[in-house]
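Mapping the sequence shown onto numbering that gives the first Met the number 0, position 27 (from 1) lands on 26, and the numbers just tick up by one. To start, the structure under review is shown below, and the notes come after it.
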Amino acid sequence: MDKERKLIIAGNWKMHKTVAEALDLVSDLKLELANVKEVDIVVCPPFTALGEVSKAILDSNLRLGAQNMSEHNVGAYTGEIAAVMLKEFSVRYVILGHSERRQYQKESDELVSKKAHAAHTAALKPIVCVGETLVERDAGHTEKVLEKQVRGSLAGLSKEQMSESVLAYEPVWAIGTGKTATTAQAQEAHAFIRALLGKTFDETVARRVRIQYGGSVKPSNARELLSQPDVDGALVGGASLEARSFAEIIKNSI
Ligand code: PGA
């Protein structure tokens, strides 16, 4: 596929996979994807599997991501994980503000932006998630919601930091539901977000930032979605839990 930006496809394993299961999955992925150079491939296991997966992918083209982190660097924050702790396992990316965290942990745009700053300070690349609910889409508020989330979650980042960040457009109604946005809906939202980055930062930044699509991406719809000019990758949940389907998504995008 001829793309302006290098594709980045990440598997968000959510709360799946013990260490043993995670190692099985990455060993299959390494075999399936050994020759892929065209796409940045990221796996995001749960925290408990990061250490072992990190060792297992050292000699491969897979890169490691985490699913969340604290906005604080150190201190009395029971149960939290700091960016520097992720760095110990050679983590390069961190998903921030996933809609499940916004919904269940009540994460706000302000908190997501603090986490994004902490990630950049530790030289981690955030994958910042935004997306509207079905109620918001049906009410015609998609752009308003995206604008608020993009401005709020990325507030105060420098142009350099923004250029190194990844965005993920994940319409909440398409996550884990089997409903995918149409290619036209995805492209429209991505183009809107890119134009907004142009206004908020500048045109160079807007051209550089990679925007992933997420929400029921699977081998059968990946190629069409990723062929859209402003869709620069995918954040894959369910279909990233099996080597064959995740590998097929990646191969179908080349
Ligand atoms: P899904 O999840 O692919 O299972 O819809 C995507 C995500 O939540 O990142």
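Glycine included, C-beta positions come from ideal geometry on N, C-alpha and C. Since we're looking at a predicted model, the values are computed, not measured.
- [ ] Run the CB neighbour count on residue 183, radius 10 Å, all protein chains shown included, and call it buried at 16 or more, exposed below.
- [x] Residue 183 should be labelled exposed.
TODO: On the DSSP bridge assignment, give the partners of residue 124 in chain order.
DONE: According to DSSP, which records beta bridges pairwise, residue 124 is partnered with 92.
Task: Assigned exposure category for residue 34 - 16 Cβ within 10 Å defines buried - done: So residue 34 ends up on the exposed side.
Task: For residue 7, the first and last residue of its enclosing beta strand (DSSP E) - done: From DSSP, the beta strand (DSSP E) with residue 7 extends over 6-11.
Task: Whole-Å CB distance - residue 25 paired with residue 55, under 8 angstroms assumed - done: That belief holds up - the Cβ atoms of residue 25 and residue 55 are roughly 5 angstroms apart, short of 8 angstroms.
TODO: Return yes when the Cβ of residue 38 is within less than 8 angstroms of the Cβ of residue 264, no when it is not.
DONE: Lying outside 0 to 253, the shown extent of the chain, residue 264 is not represented and no answer is given.
- [ ] Please say whether residue 115 and residue 63 have beta carbons closer to each other than 8 angstroms?
- [x] No.
Task: residue 39 - partner residues in DSSP beta bridges - done: Looking at the DSSP assignment, residue 39 forms a beta bridge with 7.
- [ ] Could you tell me if the beta carbon of residue 235 falls within a distance shorter than 7 angstroms of some heavy atom in ligand 1?
- [x] The answer is yes for residue 235.
- [ ] Quick one: grab the DSSP three-state call for residue 248.
- [x] The answer is helix: DSSP assigns residue 248 an H, G or I state.
- [ ] For residue 87, count neighbouring C-beta atoms within 10 Å of its own C-beta (all shown protein chains included) and say buried if the count is 16 or more, exposed if not.
- [x] Exposed, since its Cβ has fewer than 16 Cβ neighbours within 10 Å.
Open item on the list: Less than 8 angstroms between C-beta atoms, sequence neighbours within five positions excluded: which residues of the same chain meet that for residue 204?
Closed with: Short of 8 angstroms from the beta carbon of residue 204, and not among the five residues preceding or following it, lie these beta carbons of its own chain, in chain order: 158, 161, 162, 196, 197.
TODO: Give me the Cβ distance between residue 192 and residue 145, rounded to the nearest whole Å; I'm assuming they're in contact under 8 angstroms.
DONE: So it is a contact: roughly 6 angstroms between Cβ atoms.
Open item on the list: Counting C-beta neighbours from all protein chains within 10 Å, is the total for residue 105 16 or more, i.e. buried, or is it exposed?
Closed with: Label assigned to residue 105: exposed.
Open item on the list: Mapping the DSSP letters down to three states, classify residue 168 as helix, strand or coil.
Closed with: Shown here, residue 168 sits in a strand according to DSSP, grouped into three states.
- [ ] Might you give, ordered along the chain, the residues of its own chain that have their beta carbon closer than 6 angstroms to the beta carbon of residue 125, omitting 5 neighbours on each side?
- [x] Answer for residue 125: 93, 95, 115, 118, 164, listed in chain order.
Task: residue 238 beta carbon near ligand 1 (any heavy atom closer than 7 angstroms) - done: Within 7 angstroms of the C-beta of residue 238 there is at least one heavy atom belonging to ligand 1.
TODO: Report the three-state DSSP secondary structure of residue 104 (helix, strand or coil).
DONE: Coil.
Open item on the list: Tell me which residues share the same chain as residue 18 and place their Cβ nearer than 6 angstroms to its Cβ, disregarding the 5 neighbours each side in the sequence.
Closed with: Excluding sequence neighbours, residue 18 sits near 48, 51.
Open item on the list: Any heavy atom of ligand 1 closer than 7 angstroms to the beta-carbon of residue 175?
Closed with: Yes, the Cβ of residue 175 comes within 7 angstroms of a heavy atom of ligand 1.
Open item on the list: Please tell me whether, using a cut-off of 7 angstroms, the distance from the CB of residue 214 to the nearest non-hydrogen atom of ligand 1 is below it.
Closed with: A distance criterion of 7 angstroms places the beta-carbon of residue 214 in contact range of ligand 1, judged by its closest non-hydrogen atom.
- [ ] Could you tell me whether the Cβ atoms of residue 141 and residue 171 are closer together than 8 angstroms?
- [x] Residue 141 is not a Cβ neighbour of residue 171, given a cutoff of 8 angstroms.
- [ ] Whole angstroms is fine: what's the gap from residue 230's alpha carbon to residue 83's?
- [x] Straight across, the Cα-Cα distance linking residue 230 with residue 83 is about 31 angstroms.
- [ ] Output the boundary residues of the beta strand (DSSP E) element that contains residue 64.
- [x] Per DSSP, residue 64 is one residue of the beta strand (DSSP E) stretching across 61-65.
Task: Residue span of the alpha helix (DSSP H) that contains residue 151, given as start and end - done: Note, residue 151: alpha helix (DSSP H), 141-152.
Task: Minimum C-alpha distance to residue 66 - residue among 188, 59, 57, 81 - done: Check the Cα spacing between residue 66 and each of 188, 59, 57, 81: the tightest is with 81.
- [ ] Kindly examine ligand 1 and report whether one of its heavy atoms sits closer than 7 angstroms to the Cβ of residue 11.
- [x] For ligand 1, at least one heavy atom lies less than 7 angstroms from the Cβ of residue 11.
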